[in-house]
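Let me begin by presenting the structure, written as structure tokens, before commenting on it.
2 protein chains.
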Amino acid sequence: MQPEISDQILYSFLIGGSCASSTTTTTTRSSFYPFAMEDTSSQDKALATTLRKHREGERMRRERINSSLNKLRNLLSCNPKTDKATLLAKVVQRVNELKQQTLEISNENVPSETDEISVLNFENCSNDDGRIIFKLSFCCEDRPDLMQDLVETLKSLQMETLYAYMTTIGGRTRNDLVVVGNKEQHSVESVKLLQNAFESLLERSNQSVMMGHGGGRERSKRRRPLDHIKRV
Amino acid sequence: MQPEISDQILYSFLIGGSCASSTTTTTTRSSFYPFAMEDTSSQDKALATTLRKHREGERMRRERINSSLNKLRNLLSCNPKTDKATLLAKVVQRVNELKQQTLEISNENVPSETDEISVLNFENCSNDDGRIIFKLSFCCEDRPDLMQDLVETLKSLQMETLYAYMTTIGGRTRNDLVVVGNKEQHSVESVKLLQNAFESLLERSNQSVMMGHGGGRERSKRRRPLDHIKRV
DNA sequence: CGAAACACGTGAGGC
DNA sequence: TGCCTCACGTGTTTC
Numbered sequence: 040m041q042p043e044i045s046d047q048i049l050y051s052f053l054i055g056g057s058c059a060s061s062t063t064t065t066t067t068r069s070s071f072y073p074f075a076m077e078d079t080s081s082q083d084k085a086l087a088t089t090l091r092k093h094r095e096g097e098r099m100r101r102e103r104i105n106s107s108l109n110k111l112r113n114l115l116s117c118n119p120k121t122d123k124a125t126l127l128a129k130v131v132q133r134v135n136e137l138k139q140q141t142l143e144i145s146n147e148n149v150p151s152e153t154d155e156i157s158v159l160n161f162e163n164c165s166n167d168d169g170r171i172i173f174k175l176s177f178c179c180e181d182r183p184d185l186m187q188d189l190v191e192t193l194k195s196l197q198m199e200t201l202y203a204y205m206t207t208i209g210g211r212t213r214n215d216l217v218v219v220g221n222k223e224q225h226s227v228e229s230v231k232l233l234q235n236a237f238e239s240l241l242e243r244s245n246q247s248v249m250m251g252h253g254g255g256r257e258r259s260k261r262r263r264p265l266d267h268i269k270r271v
Numbered sequence: 040m041q042p043e044i045s046d047q048i049l050y051s052f053l054i055g056g057s058c059a060s061s062t063t064t065t066t067t068r069s070s071f072y073p074f075a076m077e078d079t080s081s082q083d084k085a086l087a088t089t090l091r092k093h094r095e096g097e098r099m100r101r102e103r104i105n106s107s108l109n110k111l112r113n114l115l116s117c118n119p120k121t122d123k124a125t126l127l128a129k130v131v132q133r134v135n136e137l138k139q140q141t142l143e144i145s146n147e148n149v150p151s152e153t154d155e156i157s158v159l160n161f162e163n164c165s166n167d168d169g170r171i172i173f174k175l176s177f178c179c180e181d182r183p184d185l186m187q188d189l190v191e192t193l194k195s196l197q198m199e200t201l202y203a204y205m206t207t208i209g210g211r212t213r214n215d216l217v218v219v220g221n222k223e224q225h226s227v228e229s230v231k232l233l234q235n236a237f238e239s240l241l242e243r244s245n246q247s248v249m250m251g252h253g254g255g256r257e258r259s260k261r262r263r264p265l266d267h268i269k270r271v
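So the protein sequences, as listed, match chains A and B. Quick note on numbering: the working numbering labels position 53 of the first sequence as 92, and the sequence is numbered without any gaps. Quick note on numbering: the working numbering labels position 195 of the second sequence as 234, and the sequence is numbered without any gaps.
Right, dumping it as structure tokens:
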């Protein structure tokens with residue numbers, strides 16, 4: 040876009056043609072014209088090449104930056120003409136969102152070392168389709184028939200599983216479930232039902248674990264030093 | 040940092056002091072000095088304020104951009120002195136990573152409309168601790184005893200579940216499992232074992248579904264228009 | 001016309 | 001010293 044100024048003009052300008060930068064310049068200059076070569080020493084030439092390198096380096100730098108900016112425009116799939124400031128603001132927002140998402144996912148599914156239950160209903164999920172949705176999370180000692188137990192518990196409560204994220208590490212398991220019930224049979228109060236049902240489920244887990252090998256079913260082969268931790 | 044040049048000098052320079060930009064300038068200028076006030080008309084003053092606004096606007100723009108850049112420096116938790124180019128390159132990389140991560144997670148867990156099985160072993164997970172790890176994914180019609188069936192199948196194969204991500208939507212379910220087996224009993228060949236075992240598991244699923252209400256267990260109450268789709 | 005965005009070349013400063 | 005990065009003010013374009 041901008042017309043390229045030749046180096047000749049450039050360094051002549053620097054040496055002789057200083058205007059705003061030099062306040063001592065007088066009007067009585069014998070030669071102001073750029074191509075008056077008698078004034079140009081080797082020093083001036085060196086300065087000129089320095090400036091040229093500087094200029095080119097700066098251009099490369101701008102290219103690198105703008106290259107990344109364009110990539111970001113594509114990644115956020117926004118208008119190619121989006122200006123830098125708004126683009127970067129959007130990038131900040133997006134990175135924040137993505138960071139939080141992955142954090143939630145990766146942290147949520149790590150089994151805790153103590154037994155826990157959490158039940159809540161999704162008030163905001165009020166699409167009025169006659170269903171009521173609950174989120175259920177619990178951590179406990181793992182056992183082979185836990186899944187079966189879980190399914191039967193929900194069946195007895197007349198509830199269905201929508202999503203289940205289950206993680207088992209070293210004998211302990213964390214389960215995050217989204218379950219639905221009919222509104223004819225369930226209300227917000229069913230939170231307590233779920234709570235009670237899964238408390239007894241965890242209770243059964245503990246008993247089965249505490250009975251040891253001789254009693255009920257055999258324990259998981261892999262043990263990690265968690266058995267000594269108190270139950271809540 | 041940079042010394043602020045007064046508007047006076049500035050617009051005088053613009054009008055009278057044109058050097059490199061104007062090629063028609065002659066040496067015979069009566070007044071070249073910036074502070075020759077006799078030349079300053081109201082037009083010049085207007086031009087000066089225009090320039091001042093322009094300058095300030097540009098400063099604001101830079102501030103907005105650099106503000107976002109600093110936020111990104113914090114978000115990526117990298118050195119506050121990281122230069123713009125490398126910072127932006129890192130941002131591109133990070134956004135790509137995060138995008139792919141969340142995409143994998145959110146897309147992987149949507150049940151497909153056709154029955155599918157995929158088994159592979161993690162060659163790269165060779166920590167030589169006597170265990171061999173497999174990743175197992177399958178989609179099929181949902182049924183109440185699926186989980187129990189799954190657990191029993193793995194038990195018969197002498198394998199344990201490390202992670203399980205299960206999603207059920209409208210009667211169809213997708214299960215992604217990471218299972219481990221002992222290296223004394225299992226090798227890479229066990230991929231086929233798993234494949235066969237879960238093919239028959241899916242086969243049982245189809246039979247139980249096709250038997251309808253009269254036969255086996257009752258079907259899920261929520262139905263979506265998928266039953267007519269051919270099985271593979 | 002003004003407001004806003006961009007690329008440019010330059011001076012300053014860090015290593 | 002030279003190389004690199006930044007902030008700055010400007011000329012230009014677009015709406």
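Backbone N, C-alpha and C define an ideal beta-carbon position, used for all residues, glycine too. Keep in mind the model is a prediction, meaning the values are calculated, not measured.
- Residue environment for B:E152: exposed (fewer than 16 other C-beta atoms within 10 angstroms of its C-beta).
- For the stretch 97-111 of chain A, the beta-carbon criterion of a distance under 8 Å to any beta-carbon of chain B is satisfied by R100, R103, I104, S107, L108, K110 and L111.
- Between A:L233 and A:L189 a beta carbon distance of about 12 Å is seen, past the 8 Å cut, so the two are scored as non-contacting.
- The Cβ of A:N135 sits closer than 8 Å to at least one Cβ of chain B.
- Of the candidates B:R91, B:A124 and B:P119, B:A124 places its Cα closest to the Cα of A:E102.
- Under the 8 Å Cβ criterion, the stretch 120-135 of chain B does not count as touching the stretch 196-205 of chain B, having fewer than three qualifying pairs.
- DSSP, reduced to helix, strand and coil, places B:E199 within a strand of the structure shown.
- Here the stretch 233-244 of chain A makes contact with the stretch 169-187 of chain A; the two share three or more CB pairs at distances below 8 Å.
- Of all residues in the stretch 194-212 of chain A, the ones placed with a Cβ closer than 8 Å to any Cβ belonging to chain B are K194, E199, T200, L201, Y202, A203, Y204, M205, T206, T207 and I208, in chain order.
- For the pair B:N113 and A:I104, the Cα-to-Cα distance works out to about 19 Å.
- Within the model, the alpha-carbon separation for B:N109 versus B:H93 is close to 24 Å.
- The beta carbon of B:A87 does not come within 8 Å of any beta carbon belonging to chain A, so the residue lies off that interface.
- Under the DSSP definition of a beta bridge, B:S176 partners with B:S157 and B:D215.
- Straight across, the Cα-Cα distance linking B:Q187 with B:R170 is about 24 Å.
- Between the C-alpha atoms of A:I156 and A:H225 there is a straight-line separation of about 20 Å.
- Note: A:T125 is not bridge-paired with any residue in the DSSP secondary-structure output.
- Judged by DSSP secondary structure, A:N109 falls within the alpha helix (DSSP H) whose first and last residues are S81 to L114.
- Checking the DSSP bridge columns, you'll see B:N221 partnered with B:R170.
- Here B:M205 is bridged, per DSSP, to A:A203 and B:N214.
- In this structure, A:S107 keeps its C-beta atom at 8 Å or more from the C-beta atom of B:L137.
- With 16 or more other Cβ atoms inside 10 Å of its own Cβ, B:V219 counts as buried.
- Taking a beta-carbon distance threshold of 8 Å, A:A236 does not count as an interface residue toward chain B.
- With the criterion set as a beta carbon lying under 7 Å from some beta carbon of chain A, the members of the stretch 116-132 of chain B are K123, A124, L127, A128, V130 and V131, in sequence order.
- DSSP places A:R182 in the coil class of the three-state scheme, outside both helix and strand.
- Secondary structure at B:E191: helix, using DSSP grouped into helix, strand and coil.
- In summary, the residues of the stretch 176-190 of chain A whose CB is separated from some CB of chain B by less than 8 Å are P183, D184, M186, Q187, L189 and V190, in the order they occur in the chain.
- B:N214 and B:E228 have their alpha carbons spaced roughly 22 Å apart.
- Using a Cβ distance threshold of 8 Å, A:T207 and A:F237 do not count as a contacting pair.
- A:K138 has a beta carbon lying within less than 8 Å of a beta carbon in chain B.
- The residue among B:G209, B:L115, B:N221 and B:Q140 with its C-alpha nearest the C-alpha of B:K194 is B:N221.
- Sorting A:L115, A:V230, A:G209 and A:N160 by C-alpha distance to the C-alpha of A:P150 places A:G209 at the top.
- A:T212 and A:L185 do touch by the CB rule: their CB atoms are close to 7 Å apart, below 8 Å.
- Any Cβ of chain B closer than 8 Å to the Cβ of A:L159 would place that residue at the interface, and such an atom is absent.
- DSSP, reduced to helix, strand and coil, places B:N118 outside both helices and strands of the structure shown, so it counts as coil.
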